[in-house]
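**Student:**
Chains as they are written, first to last, in our numbering: chain A, 1 to 187; chain B, 1001 to 1187; chain C, 2001 to 2187; chain D, 3001 to 3187; chain E, 4001 to 4187; chain F, 5001 to 5187.
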């Protein structure tokens, strides 16, 4: 298993600690691969664990947003930032959880997707968070509340959108490469 | 202690779990306050812990970048994103670790600061990560190496810059308010 | 065969003139579909013919640029303009003529593709044509010549890039929908 | 007649085919010149004919938009793109078909022109097509319908605006020079 | 008194004419310093006097806008333009005339300040004047009138905003340095 | 003489003070008109005098830049800001002092003008002052020195560019209308 998945020469710790190896084995079994973003962090186990803890909380934890909605936010952000890694990995997730055409639409231009008003408001806020966060005012949050989002949901939208504004930049800055398996998934 | 530090109605868990209360007590003792970003997350302890683990690793952990350099990156990003919370809290940090005028310069326009070429390269890369991450190519990373940064340092620059591109957006999206104590620090 | 492929109520002429019907039959036979952009124009046959004449000349005619290179230009432009129709149709073409991963890369961020310097120069010029055409100076054309492009090649790059800056805008303005067949092609 | 009207060394075919020569003679007679955009294409007659067919259909064919309105769209687009060729040639057309001051206004800032609401809506849509086509939604088209534009008119606005987003980029990319006669026309 | 306060080698006239020296003495007495922008102009007394005449008229003369409001406009413009000199000098003025936190807020992101609707409208117009003046239409002026601003007030907002769009650019272009005294004022 | 030349109801003082009337009479005699920018300020004579003093110093005073060069800077700035008033008035000045085609070129896209390297450097710096002043560094000033500009010349370029960034914004904000005489001058 070659582990250089970025432009940086930061090899995975070897051998991996037991619990990391176990985590990677579970990924391999469940997903058919160890996502490269995990390998990229594995030169430093505390960094890997801090990253996965935040990721898992935001994307897999309890939330008023469905997992598909969180993936839609991820891809909408990544399309603005033109992040190859995140569009590939999370585009595949939207194709799987939603449907193939939806995945393609969000990668290319979310506005063409025939979404309910609630989700359009969610993605419009995501765009504002990504492109012009300093202009957000109470009225913008109120639009979300008027579409039925709770304050906790608003927290989650902001945090998922914020998270991918982080990972997009990191992935592009270090030229992180997505696992090739993603390209063919759920077509 | 009033705990609503954002525009969202997400009160701190009450009472706080012992280890969280202890962490907050240490903050109070060492910093003279509990930073509002911690209170903002304290409606959900796993979120608070995931956030602080990542923050502490990036900003306080081992790195080829000094703590001041990491704060300079934080403020450079936050100036582009016009984030009131992060400029206030991390501007204070640069004033303290560096000097008051440096803190003001990075808040206002980092290019006016009389910095060594190495740090100018670091902040120029930070700007590119923030404004145009999809345009980053090997040549951009090579500029950093030519200024003496290791691949691990590049990882750290990218991750600190990425992190504040996340927190800036979250803070603005939920109207997070900095503790008033920051304003007068290290003037 | 339903023919409304845009948000505008402009039904195809009925019946189609013989030569148009023949042209559509050939498309159906060769491509397995009549591309929706043709149906969209078929409310007015002279418009359809003017469009296809220009398209066929630019994309299929003699040129120092390979057909794949022209498709790469098309997709690079369409990614900047976030055009769902053109990314779908021409992304499929790059997947087919090049390879599936190349198609995805150009849709998402062409800079991550491992291309020869000549093609990188071609796409960098394409970006400038798309984003800042008024800043183009002789030095920019000279870069292309230095990579071995002839003046005729420069004309072709400019014209293909220009053409998709037209079609992207038209497609988005009228909400043109790509044929669903494209999504699964050459994955 | 010197024929190099761009920065590219692509001389006109010599002699011109009869029907091209005849077309140029008509231009000379009617307009007092052969527009340089035609000479620029005349190194390849099929390209010239494909270009003129599309141009003539869009700008001179049947439409719910007056010829002046189509020229106003052309100049509004060209002002955003700072295209010297198109501003010169089509600015002259607006001066002639409209009046001299209107031509200057659209070149400089269309918003200062005292236009009926219908035309302001048309030009506002033109700006959106030019600057942010991926953000166009049904509501934007509906604004045009509410001002009395038919779906066919919307097609025409989108296509004329799209066309000049093509030609602006080509003209700037090859440094196309307008005929000097335009400068003094209709002042 | 060293007088090079910019990157340009343009020493103050020596000795200063009597009335200039008197003016500088008054500054020293009243403000505790001669603002560097005055020293920067003092290589040419007519330029100094033209600048101060306009400045004093706009910022200190009669107006429906309070002096604090004019300083708020100054800082809002300077934050957009990231002007170190003007943010430092006029940020201090807002801290003094308003309060310290207000000064920081306007430097960092005026939208977070809890301002009356009238002042928010004033600053929103200031942003439009700064970022997109060519898009201003009668409706934008009417918003100001609806908030109680007179036509003379609108003139003043436009002129103060315009003035700092001038001085920001000059100060950055010549690397003008603010007096160090500003940093500690009114904290 | 109707005096409302902006969208604001700010009539000229009546009667004008003697010296103002004399100044206007001289304008009328020498230029064939009283420029509307002067009438627009004449509701308040000190404002008028402060504005004209600065204008006359910058545009008509001693400088290493020729008057034509200063007008070229004025128009380059105004083209970026799409200011109808300034493009009309100062475009006419470039046509007169330079030649008609040069005036048109600078209004439309200064890069197409065949200018000596010194003037191209001057206008490139003007663009940076206008669009991104906070990015100016010593290296940018050095480019000007390398083209033979003195530090005083750099001051003048920065100040003329700054001045029109002010007047463009004021003119657009109040909808200032140029005298109709400009349109036909020097064609």
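Here a beta-carbon is modelled for each residue, glycine too, at the ideal position from N, C-alpha and C.
1. Cα-Cα, which of F:5169, F:5066, F:5093, F:5064 is closest to residue 5075 of chain F?
2. Looking at the C-beta of residue 3109 of chain D, does it have a partner C-beta in chain E at a distance below 8 Å?
3. For the segment 4113-4137 of chain E, enumerate the residues whose C-beta is nearer than 9 Å to any C-beta of chain D, in chain order.
4. Using a C-beta to C-beta distance shorter than 9 Å, which residues of chain H count as neighbours of residue 4173 of chain E?
5. Can you give the beta carbon distance from residue 3109 of chain D to residue 5084 of chain F, rounded, assuming they're within the 8 Å contact cut?
6. Considering Cα atoms alone, identify which of A:28, A:73, A:103 is closest to residue 168 of chain A.
7. In whole angstroms, what separates the C-alpha of residue 2099 of chain C from that of residue 1135 of chain B?
8. Tell me, please, whether the CB atom of residue 3001 of chain D is closer than 8 Å to any CB atom in chain C?
9. Taking any Cβ of chain A, which residues in the segment 2092-2106 of chain C have a Cβ under 8 Å from it, in chain order?
10. Kindly list, in the order they appear in chain A, the residues whose Cβ is closer than 8 Å to that of residue 1027 of chain B.
11. Which residue from F:5149, F:5187, F:5145, F:5058 puts its Cα closest to that of residue 4050 of chain E?
12. Grab me the residues of residue 4112 of chain E's own chain with a C-beta within less than 8 Å of its C-beta, minus the 5 sequence neighbours each way, in chain order.
13. Over the uninterrupted alpha helix (DSSP H) stretch that includes residue 4072 of chain E, give me the two end residues.
14. Have a look at C:2124, C:2131, C:2150, C:2067 and flag the residue whose alpha-carbon is nearest the alpha-carbon of residue 3082 of chain D.
15. Measuring alpha carbon to alpha carbon, tell me which residue in D:3018, D:3143, D:3138, D:3021 is nearest residue 2174 of chain C.
16. How long is the line joining the alpha carbons of residue 4 of chain A and residue 1142 of chain B, rounded to whole angstroms?
17. Here's the rule I'm using: 16 or more other beta-carbon atoms within 10 Å means buried, otherwise exposed. How should residue 1145 of chain B be labelled?
18. For residue 1001 of chain B, which three-state DSSP category applies?
19. Return the first residue and the last residue of the alpha helix (DSSP H) that residue 4086 of chain E is part of.
20. Check each candidate in F:5044, F:5055, F:5116 and name the one with the smallest Cα separation from residue 5166 of chain F.
21. So what's residue 3100 of chain D in DSSP terms, helix, strand or just coil?
22. Counting only beta-carbon atoms, is residue 3169 of chain D nearer than 8 Å to chain F?
23. Return the chain-ordered ranges of every alpha helix (DSSP H) run that is complete within the segment 2099-2139 of chain C and spans a minimum of 4 residues.
24. Should residue 89 of chain A be flagged as near chain B, meaning a C-beta pair shorter than 8 Å?
25. At what residues does the alpha helix (DSSP H) containing residue 5014 of chain F begin and finish?
26. Would you identify the three-state DSSP class for residue 5062 of chain F, choosing helix, strand or coil?
27. Judging by CA-CA distance, which residue of E:4162, E:4156, E:4155, E:4170 is the nearest neighbour of residue 5159 of chain F?
28. Just verifying my parser: in three-state terms, what is the DSSP assignment at residue 2167 of chain C?
29. If residue 1180 of chain B and residue 4101 of chain E are in contact, beta carbons under 8 Å, what's the gap, nearest whole angstrom?
30. CA-CA distance, residue 2053 of chain C and residue 2047 of chain C?
31. Determine, for residue 1032 of chain B, whether the minimum Cβ-Cβ distance to residues of chain E falls below 8 Å.
32. Check for me: the alpha helix (DSSP H) holding residue 37 of chain A runs from which residue to which?
33. Can you tell me whether residue 5063 of chain F is buried or exposed? The criterion is at least 16 other CB atoms within 10 Å of its CB, across all chains shown.
34. Identify whether residue 2152 of chain C lies in helix, strand or coil by the three-state DSSP scheme.
35. Run through chain F and tell me which residues come within less than 9 Å of residue 4183 of chain E, C-beta to C-beta.
36. Is the separation between the beta-carbon of residue 2091 of chain C and that of residue 2107 of chain C shorter than 8 Å?
**Tutor:** Answer, in terms of the structure:
1. From the listed residues F:5169, F:5066, F:5093, F:5064, the smallest Cα separation to residue 5075 of chain F is found for F:5093.
2. With 8 Å as the cut-off, residue 3109 of chain D counts as an interface residue toward chain E.
3. Only those residues of the segment 4113-4137 of chain E whose C-beta falls short of 9 Å from the nearest C-beta of chain D are listed: 4134, 4135, 4136, 4137.
4. Judged by its chain identifiers, the structure shown contains no chain H, and its protein chains are A, B, C, D, E and F.
5. Residue 3109 of chain D to residue 5084 of chain F, Cβ: 5 Å. Contact.
6. Of A:28, A:73, A:103, the residue nearest in Cα terms is A:73.
7. When rounded, the distance between both Cα atoms is 23 Å.
8. Any reading at residue 3001 of chain D must be qualified, since the residue scores a pLDDT of 46, below 50, and its modelled position is unreliable; the value itself is stated next. Closer than 8 Å: no.
9. The residues in question are 2100, 2101, 2104, 2105.
10. Result: empty, since nearest Cβ-Cβ is about 19 Å, beyond 8 Å.
11. Per the Cα distances, F:5058.
12. Within the same chain, residue 4112 of chain E has close Cβ partners 4105.
13. For residue 4072 of chain E, the enclosing alpha helix (DSSP H) covers residues 4067-4080.
14. Residue 3082 of chain D has its Cα closest to that of C:2131, out of C:2124, C:2131, C:2150, C:2067.
15. It is D:3138 whose Cα lies nearest to the Cα of residue 2174 of chain C.
16. Put simply, the backbone Cα of residue 4 of chain A is about 18 Å away from that of residue 1142 of chain B.
17. Taking a 10 Å sphere around the C-beta of residue 1145 of chain B, we find fewer than 16 other C-beta atoms and assign the residue as exposed.
18. In this prediction, residue 1001 of chain B scores a pLDDT of 46, lower than 50, which makes its location untrustworthy; no coordinate-derived value is stated.
19. Looking at the DSSP string, the run of the alpha helix (DSSP H) that includes residue 4086 of chain E is 4084-4097.
20. That would be F:5055, whose Cα lies nearest to the Cα of residue 5166 of chain F.
21. In the structure shown, the three-state DSSP call for residue 3100 of chain D is helix.
22. Put simply, the CB of residue 3169 of chain D is far from chain F, with every gap to its CB atoms at 8 Å or more.
23. Runs of the alpha helix (DSSP H) lying entirely within the segment 2099-2139 of chain C, each at least 4 residues long, are 2100-2109, 2117-2131 in chain order.
24. No - not a single Cβ of chain B is within 8 Å of the one on residue 89 of chain A.
25. Unbroken run through residue 5014 of chain F: none, as it is neither H nor E.
26. In the three-state scheme derived from DSSP, where H, G and I count as helix and E and B as strand, residue 5062 of chain F is classed as coil.
27. Closest by C-alpha distance to residue 5159 of chain F, out of E:4162, E:4156, E:4155, E:4170, is E:4170.
28. In the structure shown, residue 2167 of chain C falls within a helical segment according to DSSP collapsed to helix, strand and coil.
29. The C-beta distance from residue 1180 of chain B to residue 4101 of chain E rounds to 7 Å, short enough to meet the 8 Å contact threshold.
30. So the two alpha carbons sit approximately 10 Å from each other.
31. Not an interface residue.
32. Note, residue 37 of chain A: alpha helix (DSSP H), 36-41.
33. Classification for residue 5063 of chain F: buried.
34. Helix at residue 2152 of chain C.
35. Correct list: empty, because the minimum Cβ distance to chain F is about 19 Å.
36. Against a cut-off of 8 Å, the Cβ pair of residue 2107 of chain C and residue 2091 of chain C comes out as a contact.
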